[in-house]
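In my numbering, the protein residues as written are 53 to 323.
All C-beta atoms in this analysis are idealised placements derived from N, C-alpha and C, irrespective of residue type, glycine included.
In this text, all values refer to a predicted model and were calculated from it rather than measured experimentally.
Down below is the structure, laid out as structure tokens.
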Amino acid sequence: MSSWDYIAIAFVMLIGIPHGGLDGAIARRAGWSKTFFEWLIFHANYLFLATMVAVIWWYFPSISLTIFLLLSAIHFATSDIKIVTDPWKWSNLLPLISHSGLIVIAIPGLHPSDVQPIFATLAGEKAANLLISVSKFLLVPWLVTLLIYLFYSYFRNMWVPTASIAAGVFISAYILNPLISFSLYFCLIHSPIHSFLVWSKIKPEDRMRSSVEAASYTLITWLTGILILIFFLNSPSFDLEPILIQITFIGLAALTVPHMILVDLLDKNSG
């Protein structure tokens, strides 16, 4: 890993991760945690789901990485499209497919030799090679879909903002190395869009509480990551690079599952 890769991971942890800190506000808007007891139940469930994801990954890394990539594709795509319209419509299938592949198809498909070691660290050589092969196989048909989407946006002006995002993300994925292009998307596009959409729906009287919660959740997440890193520092076979990759992406996966349940299911239904 280069110094730029370490900076990219630091950006993901310091800038990208905090956008999930508003999940408490989303839960309240969806009808959860209105009382102190419900607040405790919400946090217990959230922590339980996150912990279970990490435990399952430990025992079943191959299927866990595969599911994580699929969930990420859906979550990133719907988040991008929400700035224009409701993504959960058949009429929006073209944009949805186009945005879903920007990270999970374009990056490994364009840079297989760079992504393979990352996947291998997360799920082993066999799973990494299989996922890279699938990404390379899907790259051309997905790229055709992306080009059709960009052409389509020329005639449907409502899609110009999201199509521009897609074009920019693809160009960065093509030019930059995987961790840097992912970090730029996650920190400069996905997290700000999500935070803005959530914040705009929070009632003014709930914004102070939501801000305190977001700061608290972020600090707890950072502290947890530091404690895990310290734990591995005491291992005689300690190797910083794979540990950082695992903490970053398995940690993201652990937070993604409860986060998606709130953002893409409960909050979607709450309007």
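State the Cα-Cα distance for the pair residue i and residue j, rounded to the nearest angstrom.
i, j, result
"M210", "S216", "11 angstroms"
"G323", "S55", "Only weak support exists for where G323 lies, its pLDDT of 40 falling under 50; the value from the coordinates is given anyway. So the alpha carbons of these two residues sit roughly 43 angstroms apart."
"L154", "P164", "15 angstroms"
"D138", "N181", "35 angstroms"
"A305", "L174", "11 angstroms"
"I184", "T87", "47 angstroms"
"A60", "T270", "18 angstroms"
"P169", "S262", "38 angstroms"
"H95", "V212", "39 angstroms"
"M104", "N97", "10 angstroms"
So the alpha helix (DSSP H) residue i belongs to, where does it begin and stop?
i, result
"H127", "P113 to I133"
"H311", "L292 to M312"
"A82", "Per DSSP, A82 belongs to no alpha helix (DSSP H) and is neither H nor E."
"V186", "E177 to F207"
"P160", "A158 to L162"
"D57", "S55 to F63"
"P230", "P230 to Y237"
"A213", "First, the residue type needs correcting, since residue 213 is Pro and not Ala in the sequence shown. First-last of the alpha helix (DSSP H) with P213: V212 to I227."
Judging by CA-CA distance, which residue of the options is the nearest neighbour of residue i?
i, options, result
"C239", "P139, P70 and I170", "P70"
"S243", "I313, L121, S54 and L66", "L66"
"A225", "V192, L190 and G161", "G161"
"G76", "I93, L123, I61 and V64", "I93"
"F63", "L307, S233 and L174", "S233"
"R81", "I254, R259, I302 and L296", "I254"
"L146", "F203, K188, N97 and F100", "F203"
Using three-state DSSP, classify residue i as helix, strand or coil.
i, result
"G323", "Since pLDDT at G323 reaches only 40, below the 50 mark, its modelled position is unreliable, and the value read off the structure follows with that caveat. Reduced to three states, the DSSP call for G323 is coil."
"G153", "helix"
"I254", "coil"
"P139", "coil"
"W286", "Here residue 286 turns out to be Asn, not Trp, going by the sequence shown. Coil at N286, not helix or strand."
"T87", "coil"
Does the beta carbon of residue i come closer than 8 angstroms to any beta carbon on chain C?
i, result
"P139", "Of the protein chains in this structure there is only one, and it is not chain C."
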